[in-house]
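Q: Chains A and B, in that order, give the protein sequences.
For the first sequence, the positions run 77 to 337 when the numbering used here is used.
For the second sequence, the positions run 77 to 337 when the numbering used here is used.
The C-beta atom is built at its ideal place from N, Cα and C for all residues, glycine as well.
There are 2 protein chains.
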Amino acid sequence: MEHSAAEPDLRRLPAGGAGPLYRQVRRELQRVIEGGRYAPGDTLPNEGAIARTLGVSIGTLRRAVDELVHGHVLVRQQGRGTFVALHSIDRFLFQFFHVEPRAPCAPELASAREYPTVECVAFGRGKADESDAAALQIRLGDPVLQIDNRLSLAGRPVVHDRLVLSALTFRGLTERRFVERPGTVYALFQTDYGITVLRARERARATSASRNTARVLGVAVGLPVLEVHRVALTFGERPVEYRVSTIDTTIHDYVSLLSRS
Amino acid sequence: MEHSAAEPDLRRLPAGGAGPLYRQVRRELQRVIEGGRYAPGDTLPNEGAIARTLGVSIGTLRRAVDELVHGHVLVRQQGRGTFVALHSIDRFLFQFFHVEPRAPCAPELASAREYPTVECVAFGRGKADESDAAALQIRLGDPVLQIDNRLSLAGRPVVHDRLVLSALTFRGLTERRFVERPGTVYALFQTDYGITVLRARERARATSASRNTARVLGVAVGLPVLEVHRVALTFGERPVEYRVSTIDTTIHDYVSLLSRS
DNA sequence: AAGTGGTCTAGACCACCAT
DNA sequence: TGGTGGTCTAGACCACTTA
Chain A
77 MEHSAAEPDL
87 RRLPAGGAGP
97 LYRQVRRELQ
107 RVIEGGRYAP
117 GDTLPNEGAI
127 ARTLGVSIGT
137 LRRAVDELVH
147 GHVLVRQQGR
157 GTFVALHSID
167 RFLFQFFHVE
177 PRAPCAPELA
187 SAREYPTVEC
197 VAFGRGKADE
207 SDAAALQIRL
217 GDPVLQIDNR
227 LSLAGRPVVH
237 DRLVLSALTF
247 RGLTERRFVE
257 RPGTVYALFQ
267 TDYGITVLRA
277 RERARATSAS
287 RNTARVLGVA
297 VGLPVLEVHR
307 VALTFGERPV
317 EYRVSTIDTT
327 IHDYVSLLSR
337 S
Chain B
77 MEHSAAEPDL
87 RRLPAGGAGP
97 LYRQVRRELQ
107 RVIEGGRYAP
117 GDTLPNEGAI
127 ARTLGVSIGT
137 LRRAVDELVH
147 GHVLVRQQGR
157 GTFVALHSID
167 RFLFQFFHVE
177 PRAPCAPELA
187 SAREYPTVEC
197 VAFGRGKADE
207 SDAAALQIRL
217 GDPVLQIDNR
227 LSLAGRPVVH
237 DRLVLSALTF
247 RGLTERRFVE
257 RPGTVYALFQ
267 TDYGITVLRA
277 RERARATSAS
287 RNTARVLGVA
297 VGLPVLEVHR
307 VALTFGERPV
317 EYRVSTIDTT
327 IHDYVSLLSR
337 S
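1) At least one CB of chain A closer than 8 Å to the CB of S164 of chain B: is that the case?
2) Could you spell out the range, first to last residue, of the alpha helix (DSSP H) harbouring R139 of chain B?
3) Given a cut-off of 8 Å on the beta-carbon distance, is the pair L229 of chain B and P192 of chain B in contact?
4) Identify the contact partners of Y330 of chain B in chain A, using a Cβ-Cβ distance below 8 Å as the criterion.
5) So T272 of chain A packs on T322 of chain A, CB below 8 Å; how close in whole Å?
6) Quick check on E78 of chain A: does DSSP put it in helix, strand or coil?
7) At what residues does the beta strand (DSSP E) containing V307 of chain B begin and finish?
8) Express the C-alpha separation of A188 of chain B and R257 of chain A in angstroms, rounding to a whole number.
9) Since L302 of chain B meets chain A, which of its residues come closer than 8 Å, beta carbon to beta carbon?
10) Using a Cβ-Cβ cut-off of less than 8 Å, give me the residues of the segment 132-164 of chain A that come near chain B, in sequence order.
11) Does H146 of chain B pass the burial test, meaning 16 or more other C-beta atoms within 10 Å, or should it be called exposed?
12) Does R252 of chain A pass the burial test, meaning 16 or more other C-beta atoms within 10 Å, or should it be called exposed?
13) Where does the unbroken beta strand (DSSP E) through V197 of chain B begin, and where does it stop?
14) What residues in its chain sit with their C-beta under 6 Å from that of E78 of chain A, if we drop five residues either side in the sequence?
15) Does A94 of chain A come out as helix, strand or coil in the three-state DSSP assignment?
16) Quick check on E83 of chain B: buried or exposed, where buried means 16 or more other Cβ atoms within 10 Å of its Cβ?
17) If we ignore side chains and look at the alpha-carbon of each, how far apart do V261 of chain A and D329 of chain A end up?
18) For S133 of chain A, does the count of other Cβ atoms within 10 angstroms reach 16, so buried, or fall short, so exposed?
19) At a CB-CB cut-off below 8 Å, which residues of chain A make contact with P192 of chain B?
20) List, from N- to C-terminal side, the alpha helix (DSSP H) runs of 4 residues or more that fit wholly inside the segment 110-136 of chain B.
21) What residues of chain B sit near T325 of chain A, judged by a beta carbon separation below 7 Å?
22) Hey, out of B:R87, B:T326, B:E317, whose CA is closest to A209 of chain B's CA?
23) Against S207 of chain B, what residues of chain A qualify as contacts under a CB-to-CB distance less than 8 Å, listed in chain order?
24) Starting from T322 of chain B, trace the beta strand (DSSP E) in both directions and tell me its first and last residue.
25) I think T119 of chain A touches G157 of chain A, with their Cβ atoms under 8 Å apart; what is that distance to the nearest whole Å?
26) Write down the C-beta distance between L105 of chain B and A140 of chain B rounded to the nearest angstrom, noting that I regard them as a contact closer than 8 Å.
27) Could you spell out where the alpha helix (DSSP H) holding A210 of chain B opens and where it closes?
28) Tell me, which residues are paired with P219 of chain A by DSSP?
29) Does DSSP put G270 of chain B in a helix, a strand or coil?
30) Of the residues B:G131, B:R226, B:L302, which one's Cα is nearest the Cα of T326 of chain A?
31) Provide the residue span of the beta strand (DSSP E) that contains T260 of chain A, from first to last.
32) Taking 8 Å as the threshold (beta carbon to beta carbon), is H79 of chain B in contact with chain A?
33) Using a Cβ cut-off of 8 Å (strictly closer), state whether R306 of chain B contacts chain A.
34) List the residues that DSSP assigns as beta-bridge partners of S284 of chain B.
35) Here's the rule I'm using: 16 or more other beta-carbon atoms within 10 Å means buried, otherwise exposed. How should N122 of chain A be labelled?
36) Got a sec: is the Cβ-Cβ distance from S321 of chain A to anything in chain B below 8 Å?
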């Protein structure tokens, strides 16, 4: 995907900015990253150079970068440089995939986690219903893509994912392109559409397996299952994906994000 | 609860400490807080004074305090001082109570949240079974307190909590003292036992309402309900409480902690 | 050896709170 | 008015990576 036209480079900060200087610096960095001047995987100029360009001290620049690193927008590597974050499998596992084999709720550290096998079981187009529209902040009836995946761990189907995407945002996304993607879905968003998923909101509830879910997961209709509703967000809190995950928690758990360490 | 004997005050850091200086400073601050020299609610000396005492620069001290604020150990208030964190109702709601009325998974900010009404429906003593022992890191058969609570929102029973506590840690905790506590359970831990809950690990799964839960919540036996297992941790990752929450998600959701903002 | 980020310092000044 | 934390600066030195 190409970027419109202007890919604004870093600019010296204006004089009367609002709020603390390090926030203005952070906004300026975010601006050039969103604008595509530095794409995911790119190396930023070194800290001294950025600070000089923006006209701030290195300490202030570092404070802004700290925040962006914390928000998964940037990644620092000592001795190598600062990079725009990429959607690796590790990141997906760590930040967005919360299903693990059943284990006692003990204070030990999490065991080695496994990346799920993904199969696309349906790929269709439709119109946004009320929850789609609310979640994606689009209009009722706007065209959407509806994608159903089966996720398996150790060969056992565990999660039935229903993804809803705005067809206007993901123009030209076909089943073939979707199925043949090399990495995770969020890596596809990033490489093919320039959209970086930064974080997500999730709400969970218990329900009974529907006929469709029962078929996808190979369980009995009516089995108590966990239903997780997720909205994935990019810059500016813009919703990008609405996903309903139905999880067979017979021998797996949904692990809530740890609080601050 | 009294503290053993020594309540070590802040000390100048030794010369050959391990790791970055700001981590050593953080450990030293944590040590005097755990030791009871500064109790929850107390005001710490001002930053200049602490830095001078420890023999580090103010910037280094501030970095250590930043981390402790982030971990909910300290609270800063500009113009007033730095305080050892207290377990307020707000903190409980924000950090440990994740149930909300059903709502679309939309990117708006969370609505005003409500503190649940708590009733104690059973208070007993028993011996640790295997999951209790694993969660609390005690021995099988060690004495435990078993407490059952009903939590209601807007007058409707929503959560059945089963708390398991080590009777050795919470010596002298009686039903009466428990029921008559003024604030939250974690505030009781803090004021009566000097134990501050810093964070928790949670695992969720769907299951069917047991007879007991059905009775407590007033729902049908077999209704799909959400079961959340939590281990609450204090300093040094020490487990303090094992809690199984069974949630009626008919008109409520379990809201996962937001990712980094 | 040269370049990067990571740590630490010392001090100036600002914003907020109490009195 | 005086004390607190919050911001910002300028520079020294360390640790790590790459070539």
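A: This is what the structure gives:
1) no
2) According to the DSSP assignment, R139 of chain B belongs to the alpha helix (DSSP H) that extends over 134-146.
3) yes
4) R279, A280, R281
5) T272 of chain A to T322 of chain A, Cβ: 26 Å. No contact.
6) Only weak support exists for where E78 of chain A lies, its pLDDT of 48 falling under 50; the value from the coordinates is given anyway. In the structure shown, E78 of chain A sits in coil (DSSP, three-state: anything other than H, G, I, E or B).
7) Looking at the DSSP string, the run of the beta strand (DSSP E) that includes V307 of chain B is 300-309.
8) 41 Å
9) A280, R281, A282, L302
10) H146, G147, H148
11) exposed
12) exposed
13) 193-203
14) At E78 of chain A the pLDDT is 48, less than 50, meaning the model places this residue with poor confidence; the figure from the coordinates comes in the next sentence. Excluding residues within five positions, none has a Cβ falling inside 6 Å.
15) A94 of chain A sits in coil when the DSSP states are folded into three classes, being neither helix nor strand.
16) Of the other Cβ atoms in all chains shown, fewer than 16 fall within 10 Å of the Cβ of E83 of chain B; this residue is therefore exposed.
17) 22 Å
18) Result: exposed.
19) Near P192 of chain B there are no residues of chain A at all, since even the closest Cβ is about 17 Å away, more than 8 Å.
20) 123-130
21) R281, A282
22) Looking at the Cα atoms, B:E317 is the closest of the given residues.
23) P180, C181
24) 315-323
25) The beta-carbon distance between T119 of chain A and G157 of chain A, rounded to whole angstroms, is 5 Å. This is short enough to meet the 8 Å contact definition.
26) About 6 Å separates the CB atoms of L105 of chain B and A140 of chain B; that is less than 8 Å, so the two are in contact.
27) 206-212
28) In DSSP, P219 of chain A forms a bridge with A:K203.
29) Here G270 of chain B carries a coil assignment [DSSP, helix/strand/coil].
30) The shortest Cα separation from T326 of chain A among B:G131, B:R226, B:L302 belongs to B:L302.
31) Taken as a continuous stretch (DSSP letters only), T260 of chain A belongs to no beta strand (DSSP E), as it is neither H nor E.
32) With a pLDDT of only 47 at H79 of chain B, under 50, the local geometry of the prediction cannot be trusted, and no value is derived from it.
33) yes
34) B:P300
35) exposed
36) no
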